[in-house]
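First up is the structure itself, then whatever we jot down about it.
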Amino acid sequence: MKIFSEIPSTLPKTPILDKVNTPEDIKGLTSPELKSLADDVRAHMLYSVGQSGGHLGGGLGVVELTVVLHYLYNTPDDKIIWDVGHQAYPHKILTGRKDALSSIRQKNGLAPFPNREESPYDAFGVGHSSTSISAALGMAIANSNTDKKVVAVIGDGAMTAGMAFEGLAHTGHIKPNILIILNDNDMSISENVGGLNNYFSRIWASKVYKGIRKSGKSFLENLPQAHHIARKVETQMKAMVAPGSIFEELGLNYIGPIDGHDINELTKVISNLKDFEGPQFLHVITKKGAGLDPAEADRIGFHAIGKIKPLDSTNKKLGPKYQDVFGQWIVDMAKENNDLIAITPAMREGSGLVNFSKEFPDRFFDVAIAEQHAVTLAAGLACEEKKPVVAIYSTFLQRAYDQLIHDVALQNLDVLFAIDRAGLVGEDGPTHSGNYDLAYLRCIPNMLIAVPADENETRKLLTTAFHYKGPAAVRYPRGGGINTPIELELNAVEIGKGRLINEGQSDILIMNFGALIETAHEVAQKLDATLLDMRFVKPLDRELMTEHCSGKNTIITIEDGAMSGGAGSAVSEWAHENKLQQQIIICGIPDEFVNHASREEMLEMTGLDAKGILAKVEGYLS
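Here our numbering is used: the first residue of the sequence shown is 4, the next is one more, and so on.
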């Protein structure tokens, strides 16, 4: 493997890759050429991601595996399903998209994850974790009467989710022809024991072993007890050198661990496994960030990177990131309240919990990719008078909706949800956008929903929601704030009370819900409108709304969330209940999935910038 000390700033020479436009072009390569191809793919990926920004570490770790899979399988007829999709950049390079890779995650560029609309080689659209095994099983069942092969590639992190084990259990039950590859790039299920282990792995994946196993089974068919004993001995023998007995017990043939960067080893083992009957489970060991020294040393920091180019000095300087505002708040609140416990599903860094985890290690729980467990764990803690704070991205809270309703809200438990990445998140696209939380939270009884407009309001509303007795949610966007000074005190506001920002002279009233306050203020100035910052979606400040509706003919609501069922819908319901005659113009995210782009571009695309809102209002009023 060629090792890079830095990300190339100029397009590297890639002579073998230059000859590859589709996976079919790989088939005739020799073993040395496959290794050179892997080096070329890694070099091209490093350069391209340096130009575009994007997920880096995971893809670097599976370069060799990706090359071997496309070398051995007849894609797209054979199906390769990548879990989550962070690691799919080499796959995109080898399937006709290498020249477009530098456009990834940008408006009108390549999708950040595998996308069925983008390429026939993307067998399944992903973005959230732990879906690959279930999807691959469905494809294997559908293709059971064909020669098509199905492979699922899942990481050790994604294996922590219950859905992955649900898929494994069903696979072991019906025993389709399928290969599941565990890409273990952090911590092995067991220690990799080197050459001896690889020796046994080759034995178990060999056609000779397959024949012996099949013949032995046939010979022992009439001796059930002997067959049982032989199977038990086999399983125990395997567990001595490669403890995959949990997968064996689920009904899968476990092979590994093997070196995921050894092309010759991968080729030998996977080539043999292709012809095996029934479900096969291959455990490969890789390094996240492999081939780039800084990425191997800092796997978290190089999980995803920004563009490697100077920042435009004219760019507006943003305030602190909302995740950092939350991170400081929870440390401060924990010092005052010993019952506070922080929970996150594998988002310690992203949610701003690093400092908390260091200062209060006994009160911090990273439950890995297990959102359902995170929510019900919080419910259990709340039952025993603790005050859990679940720090979670909006898009991932969707995965625990049943637990949110059944385990928390139904019992009116005292749990605070700090919902990060709410609204349009930008380059990660529709799989990661937090557009729906207002709609799916608002319909749940007992929920308090707060929508801070800036950094200081975030701190205040977190404090308010923390002291609320019952389930509460505070949602805030990705990225930096608007440089609002932050009060150091842990001040709260009255629950359900908004605030007047600007008293206008026109007959237009604007109600802002959340982080688009600057845009709302600009629109209010253009229209000479009265501007309210509502602070809460549930409960609404009905008194404030009634007071300022008097003499107004038009009400405009602004929110960074889905219009269907969101804050604007709540205002419309209120107006209907009170038999108000004002025209209501709801400005929010339309009923469509918004493709990847920068957050600013997404706001423009959805008409949520000032220009778009003014145009919508003028259309209604003309």
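Every residue, glycine too, gets a C-beta built ideally from N, C-alpha and C. Note that the coordinates shown come from a computational prediction; the quantities given were computed from them, not determined experimentally.
- Spanning the alpha carbons of Pro179 and Lys619 requires a straight line of approximately 54 angstroms.
- At a Cβ-Cβ threshold of 8 angstroms, Leu97 and Ser106 do not count as neighbours.
- Excluding the 5 residues flanking it on each side, Ile19 has same chain C-beta neighbours closer than 7 angstroms at Glu36, Ser39, Leu40, Asp43, in chain order.
- In the DSSP assignment, Glu562 falls outside any alpha helix (DSSP H) and within the unbroken beta strand (DSSP E) covering 557 to 565.
- Checking the DSSP bridge columns, you'll see Thr487 has no partner listed.
- Excluding its 5 nearest sequence neighbours in each direction, Thr69 has C-beta neighbours in its own chain below 7 angstroms: Pro93, His94, Leu97, listed in chain order.
- Pro433 and Met605 have their alpha carbons spaced roughly 11 angstroms apart.
- The region 504 to 513 and the region 532 to 539 touch, with no fewer than 3 CB-CB distances between them shorter than 8 angstroms.
- Thr78 is a Cβ neighbour of Tyr124, given a cutoff of 8 angstroms.
- For Gly591, the uninterrupted beta strand (DSSP E) segment begins and ends at 586 to 592.
- Residue environment for His176: exposed (fewer than 16 other C-beta atoms within 10 angstroms of its C-beta).
- When Pro323, His264, Gly165, Ala349 are compared, the shortest CA-CA separation from Lys290 is found for His264.
- For the region 129 to 176, the continuous beta strand (DSSP E) assignments of 3+ residues that do not extend past its boundaries occur at 153 to 158, in sequence order.
- If you look at Gly355, you'll find it isn't in any beta strand (DSSP E); DSSP assigns it neither H nor E.
- For Gly622, the enclosing alpha helix (DSSP H) begins and ends at 613 to 624.
- Around the Cβ of Thr522, a 10 Å sphere holds 16 or more other Cβ atoms; the residue is buried.
- Assignment of Gly56 by DSSP, reduced to helix, strand and coil, places it in the coil class.
- Following the DSSP letters along the chain, one finds His286 inside the beta strand (DSSP E) bounded by residues 282 to 288.
- Residue range 502 to 505 is occupied by the beta strand (DSSP E) that includes Arg502.
- Distance between Ile422 and Arg351, taken at the CA atoms: about 13 angstroms.
- Only residues of its own chain outside the window of five on either side were considered, and among them Val52, Phe305, Ile308 have a CB closer than 6 angstroms to the CB of Leu59, listed in chain order.
- Collapsing the DSSP output to three states places Thr347 in a strand.
- In the three-state reduction of the DSSP assignment, Asp369 falls in the strand class, which pools E and B.
- When Glu580, Ile561, His579 are compared, the shortest CA-CA separation from Gly571 is found for Ile561.
- Annotation for Gly170: Ile136, Ser137, Leu140 place their beta carbon closer than 7 angstroms to its own, counting only its chain and skipping 5 residues before and after.
- If you draw a 10 Å sphere on the C-beta of Asn267, you find fewer than 16 other C-beta atoms in it, and that means exposed.
- The three-state reading of DSSP puts Thr461 in helix, counting H, G and I together.
- Ala476 is positioned such that its CB atom lies no closer than 8 angstroms to that of Ala456.
- Counting only unbroken stretches of 4 or more residues, the alpha helix (DSSP H) elements lying wholly within the region 64 to 141 are 66 to 75, 92 to 95, in sequence order.
- Secondary structure of Gly426 (DSSP, three-state): strand.
- Of all C-beta pairs linking the region 547 to 565 to the region 456 to 476, fewer than three are shorter than 8 angstroms, placing the two stretches out of contact.
- For the pair of segments examined, the region 440 to 449 was found to touch the region 410 to 418: the number of CB pairs separated by less than 8 angstroms reaches three.
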